[in-house]
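Taking it in order: structure first as structure tokens, then the write-up.
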Amino acid sequence: MVDAPPAQQQRRLLAACAIVLTALNLRGAATILSPIVDLVNQDVELDTVMQGVIGALPQLLFAGAGLITPLLVRRMSLPALAGAAMVVTAGGQVLRASTNSDLAFGLSTGLIFLAIGVGNIVAPPTIKLFFPRHVGTMTSAYSITLGLSTAVPPIYIVVLSHAVGWRIGLASWAVPAFLAALLWGVVILTSRRSPRESEPGDAPAPPAMRETAAGGTNVDNRSTVSAADAPGASLQVWRTWQGWGIAVMMAAQSTVVYAMFAWLPALLRDAGVDAASAAFGLSLFTALGILLGVVIPPMTSRQATLRPLLAVSTVCFAVGLIGLMVSPGHLSMLWVAALGLGPLTFCMILVLIPLRARTQMHASQLSAFVQGVGYLIAAAGPFLFGLLHDLSGGWTLPLAYLLACVAISLPFAVIGTRPGYVGDPARR
């Protein structure tokens, strides 16, 4: 294999740093507020309605980003769009930290979540753009950083807010977003070739790559390619079973994850677990996502079939949910650990989006559809989980609801993970 020119290697190194730094900003804004909401209320006076609206914003605006991102991708390059998303994220952080108005606080928070949603969507196709032969490795780095950006900010913000105040604490989280935007600017400026030449992910995978790109199977791509498969052509993802399969898989795992983020400590406390152990349970559930980010992306990119991983995910979800239904007060951390391993499908999805897309434009459209549909469906998860708890007076019915979501998604997941490019005539 001929080594890439030094300038191209430098650009890819900058892109790798920019992708990782971008990932650091894609969860922090959603987890950084709740630990200090009491401090914020002393100055901004967020009422319960506004707090409820802010709590519902992430999934809804992540879904909304799925509508606008395909339009933006047609007008901006992926690096430019990623950089713009980070600029808006940073600006929103500063605005949110400086206002005394609850309305301005809510609007700036919504702006942050919308920008983060765009960042979520452009990340997989950007990985395909710069690292078409190393999707698994780069997705692993991206996933690990996502996990860290979920776990670290709540601890960081509490310490800093008590030391220097919540405003400086919130505003400080704009720094990594500004740095990510600067890195994307450098990536754009260091490009010395035309856009078509500088986007290796924008063309169909060469023959030497097709075994990996197709998911480990020897797909014969020498057959006639339809107009929809041409580089730059639009992909109508909503007309493909495979696209819907990945989207429903995204919806199911997101429903479980966000319901657990909202309700797991309360569930454990009602089962007789002390407050410290309940908090540890949520931390364990979150931390396992980092472990999955290390292991699952490389496995996904190399496996000939993904059904064994789907089976492991389904078993972990089932063991965790049934365990919490039957015996939540005994072996509770074992059930939480099993449940925390279930969302390995999220890491699979991050790899499937670039691997199952023939071009980087198709990857952008697939990412927007999968995340838009997935987060829109998942937005109802925490609300329905809490509603079922209130109606039944216990946790068995809401946990059964999550188990049903996983079961319903399984046949869709089998379709979504099959080999081949989304939109190929034989697989629509």
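Heads up, the numbering used here is the position in the sequence shown plus 530, with the first residue counted as 1. From the three backbone atoms N, C-alpha and C, an ideal C-beta is built for every residue, glycine too.
| Outcome for P941 when other beta-carbon atoms lying within 10 angstroms are tallied against a minimum of 16 | exposed
| query | Alpha carbon to alpha carbon, what distance is there between A777 and A943? | reply | 9 Å
| Spatial neighbours of V624 in its chain, beta-carbon cut-off 7 Å, leaving aside the 5 residues before and after | A701 and A704
| Can you tell me whether DSSP reads Y951 as helix, strand or coil? | coil
| field | Helix, strand or coil at N555 [DSSP, three-state] | value | coil
| query | Per DSSP, what kind of secondary structure is E727 in: helix, strand or coil? | reply | Legend: pLDDT at E727 = 41, less than 50; position of this residue unreliable, no value from coordinates given.
| request: Report, in whole angstroms, the separation of the C-beta atoms of A620 and A711, which I expect to be a contact under 8 Å. | output: 7 Å
| said: With a threshold of 8 Å, are at least 3 pairs of Cβ atoms found where one atom belongs to the stretch 927-936 and the other to the stretch 807-814? | reply: no
| task | Would you mind working out which of Q901, T669, A610 and L874 sits nearest W768, comparing C-alpha positions? | result | Q901
| Cβ-based neighbour list, P683, same chain, cut-off 6 Å, excluding 5 preceding and 5 following | G558, T561 and I562
| said: Measuring straight from C-alpha to C-alpha, what distance separates G850 and C935? | reply: 14 Å
| said: Tell me whether the stretch 853-871 and the stretch 902-912 touch, counting them as touching only if at least three CB pairs, one residue from each stretch, are closer than 8 Å. | reply: no
| Does the pairing of the stretch 644-660 with the stretch 883-891 give three or more beta-carbon distances under 8 Å? | yes
| Hey, how far is the Cα of E575 from the Cα of S628? | 14 Å
| task | Could you check what DSSP says for R837 in three-state terms: helix, strand or coil? | result | helix
| field | Beta-carbon gap between S939 and A789 smaller than 8 Å | value | no
| What three-state label does DSSP hand V652 in the structure shown? | helix
| task | Below 7 Å CB to CB, which residues in the same chain sit around P565 once its five sequence neighbours on both sides are set aside? | result | P684, I687 and V688
| task | Confirm the yes/no value for this check: CB of R837, any heavy atom of the ligand ZN, distance under 7 Å. | result | The ligand ZN is not part of the structure shown, which contains no ligands of any sort.
| query | Relative to the alpha-carbon of A910, which residue among R542, P588 and A545 has its alpha-carbon at the smallest distance? | reply | P588
| request: Determine the direct distance from the alpha carbon of P858 to that of I646, and round the result to whole angstroms. | output: 35 Å
| query | How would you write the range of the alpha helix (DSSP H) that L587 sits in, first residue to last? | reply | T578 to V603
| Three CB pairs or more closer than 8 Å across the stretch 861-870 and the stretch 790-801 | yes
| field | Candidates F635, L814 and F660: closest to A548 by CA position | value | F660
| DSSP three-state call for D804: helix, strand or coil? | coil
| query | Any idea if A582 is buried or exposed, counting beta-carbon neighbours within 10 angstroms, 16 or more meaning buried? | reply | It should be noted that the sequence gives Gly, not Ala, for residue 582. It counts as exposed.
| Which of helix, strand or coil DSSP assigns to L709 | helix
| Which first and last residues belong to the alpha helix (DSSP H) in which P912 is found? | G911 to S922
| said: Once DSSP output is grouped into helix, strand and coil, what is the label at G872? | reply: coil
| task | Identify the continuous alpha helix (DSSP H) that holds L608 and give its terminal residues. | result | L608 to S628
| task | Pick helix, strand or coil for P536, following the three-state DSSP scheme. | result | helix
| field | Local conformation of G674 per DSSP, three classes | value | With the sequence shown as reference, residue 674 is identified as Ile, and Gly is not the correct amino acid for it. I674: helix per DSSP, three-state reduction.
| Smallest Cα separation from S813: which of P795, W714 and L885? | P795
| task | Just mark G924 as buried or exposed, buried being the case when its beta carbon has 16 or more other beta carbons within 10 Å. | result | exposed
| message | Rounded to whole angstroms, what is the Cα-Cα separation between T675 and D577? | response | 33 Å
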